[in-house]
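Those protein sequences? They're chains A and B, same order as listed. Residue numbering for the first sequence follows my numbering, beginning at 9 and increasing consecutively. Residue numbering for the second sequence follows my numbering, beginning at 1498 and increasing consecutively. By construction, the Cβ of each residue, glycine as well, lies at the ideal position given by its N, Cα and C atoms. Have a look at the structure below, then the notes.
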Amino acid sequence: MDTSVENGSITRSDIPLRVISSSPEAILKAKKRTRLSFRQIRTETIFKKTLMIMGLIMIILVLGILLTLIVQSLPSIKALGPSYLWGKVWNPVSDVYGAWPFLLGTLLTSFLALAISIPFSISVAIFLGEYHPQGWLPNLLKDTVELIAAVPSVIYGFWGLAVLVPIVRDLETHIGVEPVGVGIFSSSLILAIMIIPYAASLGRSMINMVPSHLKEAAYALGATRWEVIRSVILPYTKSGLFAGILLSLGRALGETMAVTMVIGNTSLIPKNIFSPGNTMASVIANEFTEADKPVYLSALIELGLVLFLVTVVINMIGKKIIDRVTND
Amino acid sequence: MKFILPGFRGAFATAALVSACVFASVSMVSCGGGGNAGGADSTSAGSGDALIGAGSSFDNPLFSKLFSEYNKTNGLKVNYQSIGSGAGISQLTAKTVDFGASDAPMNGKQDSALTAPAIHIPVTAGAVVLSYNLPDIKDTLLLTPAVLADLFLGKITKWNDPAIAAANKGVKLPATPVVIAHRSDGSGTSNIFTTYLAKVSDEWNTKVGKGSAVNWPAGLGGKGNEGVAGLIKQTPGCIGYIELAFAVQNNMAYAKVQNKGGNFITPSIASVTAAANIQIPADTKVSLTNTEAADGYPISGFSWVIIYKDQKYNDRSLDRATKLLKLISWMIHDGQQFSSPLTYAPLSPAAVSAGDAVLKSATYDGKPILQ
């Protein structure tokens, strides 16, 4: 094998030659190895493709849902126009449909619920993430919070109707508003309980992930625990905490059953936070089965489209805020 | 190639499954615009031995009993899907069921969606009662049509209102605020109640109108009879409307309502049957609300079975059509004995004979089926 390159520094003869044994067993072994690597490459490609197809299906599904909503709500969009969004009357008898009372109800209940739940979820996250990551009490608390997310929403609705509503009614009697119990406020309370686990769990794992050298450096400089939380942990985890809150909000916007049971289901515009109202999701759940006119059915589907878009817009705004917070 | 191994085949199967899913979702999207009956092939009504019906949830307990009794004597299976009156009519329109059942006769828009004329046969009657939560009042509350309309219009806001007191002489009414409870879901019960209010109050007729879902001027909505009953039970001063059967089974207090003849009538099976003993038009599509009958309860209504007038469609056999008509005929005659124990009002003689006449008008390929 005289393949040395004249002007190069390395010649083929410098490389130690690998001795290939020519015994039949060895050849068989080599063939097997080749087959194996062939198979590995093939499996690798197929696995990669499967992952990609799975991902694509998700995109197709979401786009498909959006497309279905748009197509099905076309009759109502044609008949009612954009005034559907700010129309204040929802009257199936005279085919007048305005989504404003329900849009308002959805936003009011969701944001009120979020405001009520944030102190609880952040506290739980800090307690479990920083103060007591281990032990029987923190474990119990962690499991309990996770259980909150696992309880079916109809149970919350039932509990709300049986326990929470009478308490709210007493409160309303004391402060002098119409004492009906059910309404925006009761729904927000129920929703607040239901969405705590989302922000709390994400917040807890974020706080757990704060590098200990950062915290130890702060302690070494003489910082108190509160100062460490305020100046090290919260700034480090704010995008994660915010993402958790966003997740909670998404859950609150779409919750149907529990809200339907305690909101009072009226198409009138709520006068204050104690008034009965309605949300887009609960109107759809209530009226879909007996929508006996094409425009009525289509108006309900358009309500679904509006809910879909509201969720998308709020998520996009949330993403922007997270980006800004992370870049600062 | 020899080296296609189980692992690879598994992966291939996954890929195939995945592509099938993609196709399914794409085709779902593409036919999504076809309306609410999309994808329902017309063959299902013709296949299998069992008759298929769908519609009113109000009828469901009675129908379950009737169909199981009929199965014992005649061996015919009936599969009834309690999906709501409106949905039952859609299913009939799509020809996926043998019969639909509805608490409201088909309206003009629903009629025009049909490809062939349909006929209505009344099978039972129900009543809507006004249940209330006034723990201090021992006597039964009396309500006049005017008071009822003003309550639900939100014009009467206190229980000691002079209008209520005038109808309930000698009863000490509390100053509790009135809370109205209505159905939040579309329902035949709401349809009967709002039809009644529209008949007795011009203001209700122009401001609200009638329908299975209306724009309620006041009050709280509850989902289903149980939702409204829940609101009534736990809100002091609450009044709402529920089905008679539900109120009886749950021992709820309900009011006597003044009928057209001026009598205050307690809702009961007897007074509902009495309400139906009136002149019934040939197509039986009549509302029993505000009945002329002197001892009839004014807020009641028929529930109908709806079938196509000509039973020859989608390759249906004469045998299947005959079975269906015999079943309905049995329901309005012998089947009526099962109504009262389940708190449904048996049909009045007038309703049965009107139903018979409609059934005889049904044809198969132009020829009458029942003699």
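My guess is that residue i and residue j are in contact by the Cβ rule of under 8 angstroms, so how many angstroms apart are they, rounded?
{"i": "Gly1585/B", "j": "Ala1598/B", "result": "5 angstroms"}
{"i": "Ala1752/B", "j": "Leu1638/B", "result": "4 angstroms"}
{"i": "Lys1704/B", "j": "Thr1692/B", "result": "Going by Cβ atoms, the distance from Lys1704/B to Thr1692/B rounds to 15 angstroms, so no, they are not a contact pair."}
{"i": "Leu1822/B", "j": "Gly1734/B", "result": "With a Cβ gap of about 50 angstroms, Leu1822/B and Gly1734/B do not count as contacting."}
{"i": "Pro403/A", "j": "Gly113/A", "result": "With chain A represented from 9 up to 336, any question about residue 403/A goes unanswered, as that position is not in the structure."}
When you compare the CB of residue i with every CB in chain B, is at least one pair closer than 8 angstroms?
{"i": "Val318/A", "result": "no"}
{"i": "Trp167/A", "result": "no"}
{"i": "Lys7/A", "result": "In this structure chain A extends from 9 to 336, so residue 7/A is not present and cannot be described."}
{"i": "Thr152/A", "result": "no"}
{"i": "Val70/A", "result": "no"}
{"i": "Trp234/A", "result": "no"}
{"i": "Gly113/A", "result": "no"}
{"i": "Glu180/A", "result": "no"}
{"i": "Val132/A", "result": "no"}
{"i": "Ser97/A", "result": "A quick correction: the sequence has Val, not Ser, at residue 97/A. Answer yes: the Cβ-Cβ gap between Val97/A and chain B drops below 8 angstroms somewhere."}
{"i": "Glu138/A", "result": "no"}
{"i": "Val185/A", "result": "no"}
{"i": "Ser194/A", "result": "no"}
{"i": "Gly262/A", "result": "no"}
{"i": "Gly285/A", "result": "no"}
{"i": "Val173/A", "result": "yes"}
{"i": "Gly252/A", "result": "no"}
{"i": "Gly7/A", "result": "Residue 7/A falls outside the range modelled here, since chain A spans only 9 to 336, and no answer is possible."}
Flag residue i as yes if its beta-carbon sits less than 8 angstroms from any beta-carbon of chain A, otherwise no.
{"i": "Ala1710/B", "result": "yes"}
{"i": "Ala1584/B", "result": "yes"}
{"i": "Lys1809/B", "result": "no"}
{"i": "Gly1536/B", "result": "Here the model assigns Gly1536/B a pLDDT of 37, short of 50, so the residue's position is not dependable, and the following value carries that caveat. Gly1536/B does not count as touching chain A."}
{"i": "Ser1628/B", "result": "no"}
{"i": "Thr1732/B", "result": "yes"}
{"i": "Lys1696/B", "result": "no"}
{"i": "Ser1579/B", "result": "no"}
{"i": "Lys1820/B", "result": "no"}
{"i": "Gly1706/B", "result": "yes"}
{"i": "Leu1502/B", "result": "Because the pLDDT of Leu1502/B is 40, which lies under 50, any placement of that residue in the model is unreliable, and the question is left without a value."}
{"i": "Trp1713/B", "result": "yes"}
Using DSSP with H/G/I as helix, E/B as strand and the rest coil, what is residue i?
{"i": "Gln1834/B", "result": "helix"}
{"i": "Gln1755/B", "result": "strand"}
{"i": "Val1668/B", "result": "coil"}
{"i": "Lys1655/B", "result": "strand"}
{"i": "Pro284/A", "result": "coil"}
{"i": "Val1676/B", "result": "strand"}
{"i": "Ile1616/B", "result": "strand"}
{"i": "Ser1850/B", "result": "helix"}
{"i": "Asp10/A", "result": "Legend: pLDDT at Asp10/A = 45, less than 50; position of this residue unreliable, value from coordinates given subsequently. DSSP places Asp10/A in coil when its eight states are reduced to three."}
{"i": "Ala1842/B", "result": "strand"}
{"i": "Ile1580/B", "result": "coil"}
{"i": "Phe1761/B", "result": "strand"}
{"i": "Leu1639/B", "result": "strand"}
{"i": "Lys279/A", "result": "coil"}
{"i": "Ala1624/B", "result": "strand"}
{"i": "Pro32/A", "result": "helix"}
{"i": "Thr334/A", "result": "helix"}
{"i": "Val303/A", "result": "helix"}
{"i": "Ala1601/B", "result": "coil"}
{"i": "Phe296/A", "result": "coil"}
I'd like to confirm something about residue i: is its beta-carbon nearer than 7 angstroms to some heavy atom of the ligand MG, or not?
{"i": "Leu1559/B", "result": "By its list of ligands, the structure shown contains no ligand whatsoever, and the ligand MG lies outside what it can speak to."}
Whose Cβ in chain D lies nearer than 8 angstroms to the Cβ of residue i?
{"i": "Ser1684/B", "result": "Note that chain D does not occur in the displayed structure, where the protein chains are A and B."}
Exercise. Taking only beta carbons into account, state which residues of the region 264-281 of chain A come closer than 9 angstroms to chain B, listed in chain order.
Key: Cβ proximity to chain B below 9 angstroms picks out Thr268, Met269, Ile271, Gly272, Asn273, Thr274, Ser275, Leu276 from the region 264-281 of chain A.
Quiz item: Counting only runs that start and end within the region 1777-1829 of chain B, where is the beta strand (DSSP E) found for 3 or more residues in a row?
Solution: Runs of the beta strand (DSSP E) lying entirely within the region 1777-1829 of chain B, each at least 3 residues long, are 1797-1805 in chain order.
Self-check item: Every unbroken alpha helix (DSSP H) inside the region 69-146 of chain A [4 residues or more]
Solution: You should have 108-134.
Self-check item: Segments assigned beta strand (DSSP E), at least 3 residues, entirely inside the region 1681-1755 of chain B
Solution: You should have 1717-1719, 1735-1740, 1753-1755.
Practice problem: May I ask you to list, following chain order, the residues of the region 1656-1682 of chain B that have a beta carbon less than 8 angstroms from some beta carbon of chain A? | Solution: Hits within the stretch, in order: Pro1674, Val1676, Ser1681, Asp1682.
Quiz item: Taking any Cβ of chain A, which residues in the region 1600-1623 of chain B have a Cβ under 8 angstroms from it, in chain order?
Solution: Within the region 1600-1623 of chain B, the qualifying residues are Asn1604, Lys1606, Gln1607.
Self-check item: Interface positions of the region 295-319 of chain A facing chain B (Cβ-Cβ less than 7 angstroms), listed along the chain
Solution: The region 295-319 of chain A vs chain B, Cβ under 7 angstroms: Glu295, Thr297, Glu298, Ala299, Asp300, Lys301, Leu305.
Quiz item: Going along the chain, which residues of the region 1716-1731 of chain B sit with their C-beta nearer than 9 angstroms to a C-beta in chain A?
Solution: For the region 1716-1731 of chain B, the set of residues with a beta-carbon nearer than 9 angstroms to any beta-carbon of chain A comprises Gly1716, Leu1717, Gly1718, Gly1719, Lys1720, Gly1724, Gly1727, Leu1728, Gln1731, in chain order.
Quiz prompt | Members of the region 38-65 of chain A near chain B, C-beta cut-off 8 angstroms | solution = For the region 38-65 of chain A, which is checked against every Cβ of chain B, the residues closer than 8 angstroms are Arg43, Phe46, Arg47, Arg50, Thr51, Ile54, Phe55, Lys57, Thr58, Ile61, Met62, Leu64, Ile65.
Quiz item: Hey, which unbroken runs of the beta strand (DSSP E) at 3 residues or more fall wholly within the region 1542-1575 of chain B?
Solution: Counting only runs of 3 or more residues that sit fully inside the region 1542-1575 of chain B, the beta strand (DSSP E) segments are 1548-1552, in chain order.
Quiz item: Looking at chain B, which residues of the region 81-110 of chain A have a Cβ within less than 7 angstroms of any of its Cβ atoms?
Solution: Listed by position along the chain: Val97, Trp98, Asn99, Pro100, Val101, Ser102.
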